[in-house]
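Asks: After the structure tokens below, expect a handful of questions from me.
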Ligand SMILES: [Zn+2]
Ligand SMILES: [Zn+2]
């Protein structure tokens, strides 16, 4: 099950579970759409995997399986992908 992390690892932007802007890699490193497209060019800076849109968990499922509240932030922020 996805953690549904609450923020972008690059810029710390809030990414609530219903956000259509969240992008994730296979390890669920989580980024906003702007960072994913512009800074990272679609590639996760942690694992090198591709970033895809995070699926939105239906509200009734969020009650039963809540999103993570633990913010993950990349130390030093993100640098532009090479
Ligand atoms: Zn961001
Ligand atoms: Zn990753």
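Residue numbers (this note's numbering): 4 to 85.
Don't be surprised by glycine CBs; every beta carbon is placed ideally from N, CA and C.
Fair warning: this is a prediction, and the values are worked out from it, not measured in the lab.
Just to confirm the assignment, what range does the beta strand (DSSP E) spanning residue 26 have?
Replies: As a first step, residue 26 must be located in the chain shown, where it is residue number 23. Taken as a continuous stretch (DSSP letters only), the beta strand (DSSP E) holding residue 26 covers 25-27.
Asks: Measuring only the C-alpha atoms, how far is residue 33 from residue 81?
Replies: The residue you call residue 33 lines up with position 30 of the chain shown. The residue you call residue 81 lines up with position 78 of the chain shown. Going by the C-alpha atoms only, they are around 12 Å apart.
Asks: Where does residue 50 land, buried or exposed, given buried means 16+ other C-beta within 10 angstroms?
Replies: What you label residue 50 is simply residue 47 of the chain shown in a count that begins at 1. The residue in question, residue 50, is exposed, as its Cβ has fewer than 16 Cβ neighbours within 10 Å.
Asks: Check whether the Cβ of residue 47 sits closer than 6 Å to any heavy atom of ligand 2, and report yes or no.
Replies: In the chain shown, residue 47 corresponds to position 44, counting from 1. It does: the Cβ of residue 47 is within 6 Å (strictly closer) of some heavy atom of ligand 2.
Asks: Classify residue 35 as helix, strand or coil using the three-state DSSP reduction.
Replies: As a first step, residue 35 is located in the chain shown; it is residue number 32 there, counting from the start. Residue 35: strand per DSSP, three-state reduction.
Asks: Under a three-way DSSP split, which group does residue 40 fall into?
Replies: The count along the chain shown starts at 1 and reaches residue 40 at position 37. Correct three-state label for residue 40: helix.
Asks: Assign residue 12 to buried or exposed, taking buried as 16 or more other Cβ atoms, counted over all protein chains shown, within 10 Å of its Cβ.
Replies: One-based indexing of the chain shown puts residue 12 at position 9. When all chains shown are included, residue 12 counts as buried.
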